[in-house]
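A.B. asks: Here the protein sequences line up with chains A and B, keeping their order.
Residue numbering for the first sequence follows the numbering used here, starting at 1 and increasing by one per position.
Residue numbering for the second sequence follows the numbering used here, starting at 1001 and increasing by one per position.
Virtual Cβ for every residue (Gly too), placed ideally from N, Cα, C.
Before anything else, here's the structure in question.
There are 2 protein chains.
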Amino acid sequence: EQRLKLKDLCLLLYFYIISSCHATKPNMLNVHLVPHTHDDVGWLKTVDQYFYGDRNDIQHAGVQYILDSVVDQLLKNPDRRFIYVETAFFYRWWKQQSSSMQQTVKKLVNEGRLEFVNGGWCMSDEATTHYSAVIDQMTMGLRFLNETFGPCGRPRVAWHIDPFGHAREHASMFAQMGYDGFFFGRLDYQDRARRRRDKEQELLWRASDSLTPPMADLFTGILPNGYNPPEGFCWDQSCDDPPIRDDPDLEDYNVDDVVRRFLAIANSQAIVYKTDHIIMTMGSDFQYENANLWYKNLDKLIHYVNALQANGSKVNVLYSTPSCYLQELHRANLTWALKMDDFFPYADDAHDFWTGYFTSRPALKRYERISNSNLQVTCNQLEVLSGPASRKGPFGEGDSQTMKKAMAVAQHHDAVSGTEKQHVANDYARRLAHGWQRCQVLVSNSLAALSGSSAERMYCDNLNISVCPLTESINVYNPLARPVTWPVRLPVNGTAYLVSDANALSVSVFQVVPVSAATREVRRNRGFAVNELVFQVQAPPLGFTTYSVSLLQDGPPPASTQHRTPTAIQNKFLRVTFDPDTGLLSSLSNLETKQTIKLTQNFYWYNASDGNNLQSDQPSGAYIFRPNSSTPFLISKTAKTESIQTSGVQEVRQWFAPWVSQVVRLYTDSKALELEWTVGPVPIDDDLGKEVITRLDTSIKTSQYFYTDSNGREMLQRKTDFRPTWNLRQSEPIAGNYYPINSRAFIKDDVDQLTVVTDRSQGGGSIHNGSLEIMLHRRLLYDDVRGVGEPLNETSNIFPKGLVVRGRLLLSLDRPPSAADAHRPLAQEVVLQPLYDNPKKFSGLQAALPPAVHLLTLTQWDKDSVLLRLEHQFQSWESKLNSQPVTVNLQKLFSTLEVLGVSELNLSANQWKDEMTRFHWTPMTGTGHLNLFIRFYYISS
Amino acid sequence: EQRLKLKDLCLLLYFYIISSCHATKPNMLNVHLVPHTHDDVGWLKTVDQYFYGDRNDIQHAGVQYILDSVVDQLLKNPDRRFIYVETAFFYRWWKQQSSSMQQTVKKLVNEGRLEFVNGGWCMSDEATTHYSAVIDQMTMGLRFLNETFGPCGRPRVAWHIDPFGHAREHASMFAQMGYDGFFFGRLDYQDRARRRRDKEQELLWRASDSLTPPMADLFTGILPNGYNPPEGFCWDQSCDDPPIRDDPDLEDYNVDDVVRRFLAIANSQAIVYKTDHIIMTMGSDFQYENANLWYKNLDKLIHYVNALQANGSKVNVLYSTPSCYLQELHRANLTWALKMDDFFPYADDAHDFWTGYFTSRPALKRYERISNSNLQVTCNQLEVLSGPASRKGPFGEGDSQTMKKAMAVAQHHDAVSGTEKQHVANDYARRLAHGWQRCQVLVSNSLAALSGSSAERMYCDNLNISVCPLTESINVYNPLARPVTWPVRLPVNGTAYLVSDANALSVSVFQVVPVSAATREVRRNRGFAVNELVFQVQAPPLGFTTYSVSLLQDGPPPASTQHRTPTAIQNKFLRVTFDPDTGLLSSLSNLETKQTIKLTQNFYWYNASDGNNLQSDQPSGAYIFRPNSSTPFLISKTAKTESIQTSGVQEVRQWFAPWVSQVVRLYTDSKALELEWTVGPVPIDDDLGKEVITRLDTSIKTSQYFYTDSNGREMLQRKTDFRPTWNLRQSEPIAGNYYPINSRAFIKDDVDQLTVVTDRSQGGGSIHNGSLEIMLHRRLLYDDVRGVGEPLNETSNIFPKGLVVRGRLLLSLDRPPSAADAHRPLAQEVVLQPLYDNPKKFSGLQAALPPAVHLLTLTQWDKDSVLLRLEHQFQSWESKLNSQPVTVNLQKLFSTLEVLGVSELNLSANQWKDEMTRFHWTPMTGTGHLNLFIRFYYISS
């Protein structure tokens, strides 16, 4: 069994004593100065523009120079410390350095003078990211640090100083990755006020209701000034605070004034924290490009403040790092307030709720989500299953790194969040597209190896809009570890097709469905397909299946469109009724459980505040959601409808406005009702910004409660106009009740639970009893003054009049105790979609995994090993059937791999599980969930 | 005889081969990249704010960090070069460095990696400075470099990249200081266009019509982009040009584009210069605070451009310095265009003449001038004459350094020029005032030592406005090397006084003169004196004399004011007539030479352009003079007058407006007519900016010619609407004909010469035949968009409604061949004023120096030596009597010093005269003037 070697002294000293920390003074107030820079992995500029310092006309920022300068300045004085956070940047810098510079930096790291904190590829967004992509990006960053610096480079502290609200699932992941503590800067202003008063800005976060404590416990510290220095003490080149002028021969000697101001700030900060230690973040966005300015003045500050100790001063200032500060908090051996909920939503003032970005840039959010699916499926799994032949073959050299890096930067808190400038959003999308291309080479090689044929393959990336050049075979790859039944929709121009499975056991004739009016509108003048062929396929776990499709020259005509609203559509599982007067949904029934709820659904828009308002001048923008009124405008009381029925699918098409339409769709074998909405271009010729929602109004008695997921994993209970940990004064009745919906939300009462699975991150809430609303699209005319400097008003070449967005909501009606048995697999099917096109029937697994186990990650690690992440996907309380512990036989798992050994690692794969030792913290006052992190040794087949 | 030791290798190699220069390539275009920073010794911020990087809200600039950063970066790559210019800043930085850092810097200097250019305390203004103060500030800077770094620290190149026009006298001084060449950035745009066409941007400047060539010959180069980098190649933190992105793995690889753009620029620059070498200034104002940005990209630029040589490119780029570049020009062994005139006035466009600053801030200009007098007299001469006792005595420790430094920074091109922000102007004045205070301690000690009495002394700094507490003795110190007769004017409240000289040989009764209405207005409510006692004194060379003054209790009443305009006033030398109808001057006669001219004089104002103009949007401002019309407004056709006669003085007081008045004054023993003008507060309630002039209209037939001095020394011929070296297209008939009048101007024809000696620098011209106008005061309402960002609209606590300025013009009418015999000593008396107060009769000289010799400098150098500068003050052509060579016996010169040895130095006293070796340059196509630079060994008496 391979082990990490103990290369450096630091590991021996690692547990509970970090030798590189400066000594503190026991009977004094110790002020930990933490020099740091916050380097966004894209925001106003692209990640590479930030790295090089290009486009400084947009924002002065050049990370290459920051790292150059900091290393220089650390060498000038061994007392100095620096922390670095974003490995996406550090990696770029590192590979440009000479080996002697690399040695120098290693020395600084080994001596604790340069410390990595957080250490992921980026500092991920917490509201709109899926946990699977977050784990991947953290793993990528931490792996680089591990392989470059060994254990001394392993971050002990998670550091999310900028994200706009904090997810419980992030805290849980950080705990499982072995972090000893977590620091952040932003939380609700009322929450902060309460915590300052009660000295609860440092606390213990119990971040899972299913993992046995302290497995998901994470010590959490709220920084005193966001992540900025105290007022008057910013010595970066970007700041104007007075330098320390200590030459008495020159004008304006100010040492006495500086020391006096500093002591006043330190003492007032000490009052709102518990220990004799306080932390000050000395840095901010892209600071330290010229680190000399900072360090020269910090050296002087430390010198002159500590010099007063000779006169009886009880304040001791020192260079420090978050882990050195954390160590002192741990040594204090106090008890800490326990927190079980999360830090959403984030408001920095009464009318400034950062709940808009839950939905901002819905197309980018969807592209990021299907890119993750594509990465896991085409890059990772196929690379593992077909081995080295995938990386180099008849189609050239393929790689998964491009896609992995593109996905990693897309997790940044100004990337998938939708809060970047338009040109930067374009760059993220371009990177993902480039990643797809590189993956396709890998897949082509992989398929060539598996099939023995190197015939050229066509990929249907634009399957949603264009005609795919149909071959006789349609091949479907299923990335899930259990068999899946899936509707395939192929754009075609014929009218009827014969479809048969791999064994030609089942042969059926399928009519085609004419595409909807909305789709025709979008595709106008582009020569795209006018019909869709819809049929159901089944594929084995981690496996392929093949269907033959052939055009029937004299088959039946396409399914005909009915212009009368049907009273109902149904399959063997569900029945959906419509109000014939309005064309809207009227009820939903589960035919198996024999339950029925009233259900109406419609589309509305909130008028976005333009900032011209008596209470506050805050407009809605990329970050902030602020409706001008709590009552949204109804787009249309009624929907024009048409309906279509084929053997594969039933559709009722609803048309609400030229820019809002929907297809209510029920596949023959589906247990979920699909609502495929199309919104856009959102009209702005009335000069009103619009935030478009859909609202489901039901007969369920919700009593103000509803439920949303945290990063696609555990569910959290929400309550309107309420926060679990402080007495809320609600000032924004809509925006203040919005929460991130990452993969699903539900409402329930004792008998009914309606779960909505989304295909991307969105914001939503339950403003009224029995109701659930989800924001689908936003088009805004004002910047919201949080730095991005652009209104969120998306247009593109394809959509010059405004972005058109399409998406799906999947509705499932169940009895509450078994609802998770339906929504867990349903959501995973949305997250990991099947891949079309493959040569033969094949399964990578010898057998399906149990329903409770999700195959989260299967990716090549190095030439001899693969990284496998298996996950128990049910919370401890949510399913009688599936919340139980399960056992998986790893030896017999794969069909093409012979397992030589297995080692268990932490969640981020940068530490052996049995070597993971974390600080123990005592809360002021223990459910079966299994995470298996397993490393495989791979032998090519 | 003490000699500088040859400490370092560099000196041996110094002559004609500078070993530290990078090799160039003979058959290529060699591009010399010169990394540099331009650090204003005060402008938008004070000199100390610039040093520390304080008040970065005004302008981001911190020189301490520049020097920190440049030294760091030079150490990273021995190929890199940097030049530093302003010793005022370097000195501040140096004294804060550790000795190990000082050793490091010495190594860089010895290896030629850090090169000092110019090296004066500041980069002086060229239009408004007096040569005596310029020599002093250059000496102070060069001395520091000499004493710190030895010969390797001696600048070989003068570098005036920013001053707004260039004075011939500056070039002459630089030549005499041993500089091999001179580079600057600003010249008239028409001049530049012509020189580009004719490849005359590099030339030989023959900077004196009196010194035998090549004594005042100076090779002069005009830089290609002012002092900025070429467009697109500014890599400072203050710039936004794209960095070189040479990592092919990242986005936007741009090496090919950068190289292509660079080669295009280099080739187009080469076309307008003569040799295979071109220079590019890579830097600008306060750049290199983070030198890494510059050097990292310059390293790459050099690498990638030179890499193309392998493919046949004929361009070679190298790090260089001005002296390395100059060496290559010298090696080219070409002939160079010869220039005899100067570079005034400077225009950067058709309506943008930088001729306003010749007059801007007239009060500061005067304060700087009398501060120089004070420095020379009270600090320098008295320190020498009374020895070490002056520096430490009963009145504490005095020093001349404070005043010397204050004067040195005041020479900066945004100091005495008047082009700094108001708060910075205040700082310069404050520094001068502080210097005066320190001098007074020194003088008090000196006088105590000389008199043996340490009785407290009162200084009458405000002699021009307040009552001085009269003792019985008035003591006068004469700083000139010849006896001087001088009118003393003491503010008093009595009506008649008895005055006797030191020997009581001559006793006279003097009536007092009531102060003028304008003076009363200024002094209103301040309790100042109402009368002035005026009498003539005589003092020996470099010596004291004492007068007893006593109030006559029953003496005659004060001289009575006559309210009728006198037809004439006269003394034995001059007769002045007035027009009884207008009250204006009508003629001036020299009674000795029996010559008479018609002379009328009046006051006018130009309406300053507000920028709202069809031709150009350029307003008048601190730099730019741009009248809205060429016809100035007459303030009043007539003057109200009153007159007064006493035995000491005759005055005709003229009142033109509430804000313009004048005293026409003729002292009994004076050969010059004094016009004491008072202007202000300039009214602006009509929202019109005003530029106030006085104009002398005479019967002299000038034929467009007139004459102005260069920095108070040699006279230059001017011609209206004409430039000696190019075919002028005149676009501003007033502003384009203005020249700096530093100490005097004259107009003449074959028989008459009218010379006007000024008491400060002013602008002026001769727009009409026989006419001479001088701008006295400016009050403007708009900024002129050259960076200062303030309108020149001076107010103060004392003058809340606008600055009131008073000054004197001294008029001398002579035959042209002997006019210099009058104006040379007259101007020196204005520059070096006598000091009142001293105990006994005393002369520091054993005998007066001949009239042709001016004692320019007498100052303590170190404890054993003094620096003496003697100067032949007549141009070779201007006086039959005085332009001849003269001999001075140094051994017998001083009365209190025994001369042990004499060594002759260059003008800036940083090199022995006989070791001064300069490049020889051949012009494309000799006069008796003696400069003696003598070092004395001092023994305390």
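By the criterion of Cβ-Cβ separation under 8 Å, what are the contact partners of residue 51/A in chain B?
C.D. replies: 1250
A.B. asks: Along chain A, in chain order, which residues have C-beta atoms closer than 8 Å to that of residue 1069/B?
C.D. replies: 290 and 292
A.B. asks: What do you reckon, are the CB atoms on residue 1807/B and residue 1355/B nearer than 7 Å?
C.D. replies: no
A.B. asks: Would you mind reading off the limits of the beta strand (DSSP E) that contains residue 36/A?
C.D. replies: It is not in any beta strand (DSSP E) - residue 36/A carries neither H nor E in the DSSP assignment.
A.B. asks: For residue 65/A, would you say it is in contact with chain B, using Cβ-to-Cβ distances shorter than 7 Å as the test?
C.D. replies: yes
A.B. asks: Hey, would you say residue 68/A sits closer than 7 Å to residue 1292/B, going by beta carbons?
C.D. replies: yes
A.B. asks: What does DSSP give as the partner residue(s) for residue 1392/B in the beta ladder?
C.D. replies: 1397/B
A.B. asks: I'd like to know whether the C-beta atoms of residue 1216/B and residue 1175/B end up nearer to each other than 7 Å.
C.D. replies: yes
A.B. asks: Residue 566/A to residue 626/A, Cα distance in whole Å?
C.D. replies: 38 Å
A.B. asks: Bridge partners for residue 673/A per DSSP, in chain order?
C.D. replies: 811/A
A.B. asks: Buried or exposed for residue 589/A, please, with buried defined as at least 16 other CB atoms from any protein chain shown within 10 angstroms of its CB.
C.D. replies: buried
A.B. asks: Using a beta-carbon distance below 7 Å, is residue 1054/B in contact with chain A?
C.D. replies: yes
A.B. asks: Strictly below 9 Å CB to CB, what residues from chain A border residue 1059/B?
C.D. replies: Result: empty, since nearest Cβ-Cβ is about 10 Å, beyond 9 Å.
A.B. asks: Comparing the C-beta of residue 113/A with each C-beta of chain B, is any distance below 7 Å?
C.D. replies: No, because no Cβ of chain B sits closer than 7 Å to the Cβ of residue 113/A.
A.B. asks: Ignoring anything shorter than 4 residues or poking outside the stretch 786-866 of chain A, list the alpha helix (DSSP H) runs there in chain order.
C.D. replies: 819-831
A.B. asks: So which residues of chain B does residue 245/A contact, with C-beta pairs closer than 7 Å?
C.D. replies: 1052 and 1054
A.B. asks: Contact criterion: CB-CB distance below 7 Å. Does residue 1242/B meet it with respect to chain A?
C.D. replies: At least one chain A Cβ lies under 7 Å of residue 1242/B.
A.B. asks: What does the Cβ neighbour count give for residue 1464/B, buried or exposed, with the cut at 16 atoms within 10 Å?
C.D. replies: Caution is warranted here: a pLDDT of 46 is assigned to residue 1464/B, below 50, making its placement in the model unreliable, and the coordinate value is therefore given only provisionally. So residue 1464/B counts as exposed.
A.B. asks: Drop a sphere of 10 angstroms on the beta-carbon of residue 1173/B, count the other beta-carbons inside from all chains shown, and report buried for 16 or more, exposed for fewer.
C.D. replies: buried
A.B. asks: Give the residues of chain B in contact with residue 387/A, contact being defined as C-beta atoms less than 7 Å apart.
C.D. replies: Per Cβ cutoff of 7 Å: no residues; residue 387/A is ~26 Å from chain B at best.
A.B. asks: By how many angstroms is the C-alpha of residue 1073/B removed from the C-alpha of residue 1020/B?
C.D. replies: So the alpha carbons of these two residues sit roughly 17 Å apart.
A.B. asks: Which residue comes first and which comes last in the beta strand (DSSP E) that contains residue 1500/B?
C.D. replies: It spans 1496-1500 - the beta strand (DSSP E) in which residue 1500/B sits, taken as one unbroken run.
A.B. asks: Taking the beta carbon of residue 129/A as the centre, do at least 16 other beta carbons fall within 10 Å, making it buried, or is it exposed?
C.D. replies: Residue 129/A is buried by the Cβ-count criterion.
A.B. asks: Are the CB atoms of residue 692/A and residue 777/A within a distance shorter than 7 Å?
C.D. replies: yes
A.B. asks: Just how far apart, CA to CA, sit residue 364/A and residue 803/A?
C.D. replies: 11 Å
A.B. asks: Count the other CB atoms, across all protein chains shown, that sit within 10 Å of the CB of residue 796/A; report buried if there are 16 or more and exposed otherwise.
C.D. replies: Classification of residue 796/A: exposed, given that the 10 Å Cβ count is below 16.
A.B. asks: Given that residue 1046/B touches chain A, what residues does it touch there, using C-beta distances under 8 Å?
C.D. replies: 251
A.B. asks: Between residue 1908/B and the rest of its own chain, which residues show a CB-CB distance below 6 Å, the 5 nearest in sequence each way excluded?
C.D. replies: 1138, 1139, 1142 and 1177
A.B. asks: Using 10 angstroms around the beta-carbon of residue 335/A, count the other beta-carbons present and answer buried if the total reaches 16, otherwise exposed.
C.D. replies: exposed
A.B. asks: Since residue 1092/B meets chain A, which of its residues come closer than 9 Å, beta carbon to beta carbon?
C.D. replies: Taking a Cβ-Cβ threshold of 9 Å, the residues of chain A close to residue 1092/B are 247, 249 and 250, in chain order.
A.B. asks: So if I threshold CB-CB distances at 8 Å, which residues from the stretch 1070-1089 of chain B count as touching chain A?
C.D. replies: 1072
A.B. asks: Just to make sure I have the definition right: I need the residues of chain A whose C-beta is within less than 9 Å of the C-beta of residue 1237/B. Which are they?
C.D. replies: Those are 53, 56, 60, 62, 65, 237, 289 and 290, listed as they occur along chain A.
A.B. asks: With a Cβ-Cβ cutoff of 7 Å, do residue 1534/B and residue 1476/B count as a contact?
C.D. replies: no
A.B. asks: Run through chain E and tell me which residues come within less than 7 Å of residue 1762/B, C-beta to C-beta.
C.D. replies: In summary, chain E is missing from the structure at hand, where the protein chains are A and B.
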